[in-house]
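Working notes for the structure below.
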């Protein structure tokens with residue numbers, strides 16, 4: 001199986017505008033997830049499904 005954290009990091013690594021996600025791990029399991037995400041390859045269909053579920057919100061306060 002693959003954890004949600006691995007999927008999220010793999011998705012971030014797939015984005016050309018993200019050069020290096022900042023990972024904070026306080027347990028060894030979290031570090032293991034981050035390392036495993038590097039080798040996780042998402043298909044174009046999986047990326048599309050993940051992005052369909054995401055609806056960006058307008059950022060306020062920095063206008």
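Numbering (UniProt numbering), first residue to last: 1 to 63.
Every residue, glycine too, gets a C-beta built ideally from N, C-alpha and C.
Take residue i as the anchor and find which of the options has the nearest alpha-carbon.
i: residue 94; options: 60, 11 and 35; result: Past the boundaries of the shown model lies residue 94; the chain is included only from 1 to 63, so the question cannot be answered.
i: residue 20; options: 27, 53, 38 and 28; result: 38
Where do the ends of the alpha helix (DSSP H) carrying residue i lie?
i: residue 4; result: 4-14
i: residue 28; result: 28-39
i: residue 48; result: 44-53
If I'm right that residue i touches residue j with Cβ under 8 Å, what's the distance once you round it to whole angstroms?
i: residue 40; j: residue 2; result: 6 Å
i: residue 14; j: residue 47; result: 6 Å
So, does the segment 5-22 touch the segment 31-39, judging by three or more C-beta pairs under 8 Å? In short, these stretches touch, since the Cβ pair count reaches three.
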